[in-house]
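Student: Okay, handing you the structure first.
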Amino acid sequence: MPYVNQRWLGGMLTNFSTVHKRLQRLKELEAMEQTGGFEGRTKKEILGLTREKNKLERSLGGIRDMAKVPSAIWVVDTNKEHIAVGEARKLGIPVIAILDTNCDPDEVDYPIPGNDDAIRSAALLTRVIASAVAEGLQARAGLGRADGKPEAEAAEPLAEWEQELLASATASATPSATASTTALTDAPAGATEPTTDAS
1 MPYVNQRWLG
11 GMLTNFSTVH
21 KRLQRLKELE
31 AMEQTGGFEG
41 RTKKEILGLT
51 REKNKLERSL
61 GGIRDMAKVP
71 SAIWVVDTNK
81 EHIAVGEARK
91 LGIPVIAILD
101 TNCDPDEVDY
111 PIPGNDDAIR
121 SAALLTRVIA
131 SAVAEGLQAR
141 AGLGRADGKP
151 EAEAAEPLAE
161 WEQELLASAT
171 ASATPSATAS
181 TTALTDAPAG
191 ATEPTTDAS
């Protein structure tokens with residue numbers, strides 16, 4: 001799933017055509033490094049290309065596989081990431097965000113009240129959102145249907161990161177079903193579920 005965990009660069013959404021060109025340059029530099037394209041160059045040229053690759057990796061590495069503008073964004077701190085929220089609002093992209101007491105709820109389409117300063121809180125809410133995305137991808141791929149068959153026609157093909165997320169969610173769904181069955185059968189003989197007594 002594409003992510004940005006460094007400073008949001010202005011124009012990352014509104015000027016995506018230029019950002020996409022920089023992503024192509026990053027992939028080109030990585031391919032050069034892998035195939036030995038740096039050989040035959042001076043140390044100064046190699047150093048310059050390596051610095052360029054590292055800078056692009058640091059700022060754009062999380063969105064390397066993003067081919068188009070996303071259909072929604074998840075923001076942890078709307079005050080710190082006000083540029084991202086503003087760009088999404090300009091493009092009409094829904095914003096899902098954690099809202100602390102110091103945030104403006106009018107800027108967010110789907111607010112989630114919570115503490116955006118605590119790492120544990122942000123990690124928990126991010127995991128919940130990521131699992132919801134995985135469930136949505138499963139439903140979109142037709143795995144959530146009763147007959148288990150994928151739909152005949154898909155609205156659009158899944159991106160590479162979506163396919164990886166879907167594959168990992170599908171793989172983890174099978175062991176978790178087995179684990180829950182095991183947990184139910186391993187209960188002690190005298191154990192029963194707690195009930196509320198009306199008397």
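Residues 1 to 199 in UniProt numbering are what the sequence shown lists, from first letter to last.
We put the beta carbon where it would ideally sit given N, CA and C, even for glycine.
Helix or strand or just coil, what does DSSP make of residue 214?
Tutor: Examination of residue 214 is not possible in this model, given that the chain is present from 1 through 199 alone.
Student: Can you say whether S176 is buried or exposed, counting buried as having 16 or more other CB atoms within 10 angstroms of its CB?
Tutor: Sequence index remark: in the sequence shown, residue 176 carries index 176 (1-based). Low local confidence applies: a pLDDT of 43 at S176 is under 50, so the model's placement there is unreliable, and no value is given.
Student: Confirm, please, whether the CB-CB distance from D100 to G114 is below 9 Å.
Tutor: Translated into the one-based positions of the sequence shown, residue 114 becomes position 114. Translated into the one-based positions of the sequence shown, residue 100 becomes position 100. Against a cut-off of 9 Å, the Cβ pair of D100 and G114 comes out as a contact.
Student: Going by beta carbon distance, what residues of the same chain come within less than 7 Å of I83, once the five residues before and after it are set aside?
Tutor: In the sequence shown, residue 83 corresponds to position 83, counting from 1. The answer, listed in chain order, is W8, G10.
Student: Could you work out which residue in E39, T42, I119, M12 is closest to L91 when comparing CA atoms only?
Tutor: Mapped onto the sequence shown, residue 91 falls at position 91. The shortest Cα separation from L91 among E39, T42, I119, M12 belongs to M12.
Student: Going straight from the alpha carbon of Y3 to that of R58, what length do you get?
Tutor: The residue given as residue 3 occupies position 3 in the sequence shown. The residue given as residue 58 occupies position 58 in the sequence shown. Y3 and R58: Cα-Cα distance of roughly 12 Å.
Student: Determine, using beta carbons only, whether residue 210 and I98 come nearer to each other than 9 Å.
Tutor: Since the displayed the chain opens at 1 and closes at 199, residue 210 lies outside it and no answer follows.
Student: Are the beta-carbon atoms of T50 and E33 separated by less than 9 Å?
Tutor: Counting from 1 along the sequence shown, the entry for residue 50 is found at position 50. Counting from 1 along the sequence shown, the entry for residue 33 is found at position 33. It is a contact, given that the beta carbons lie within the stated cut-off.
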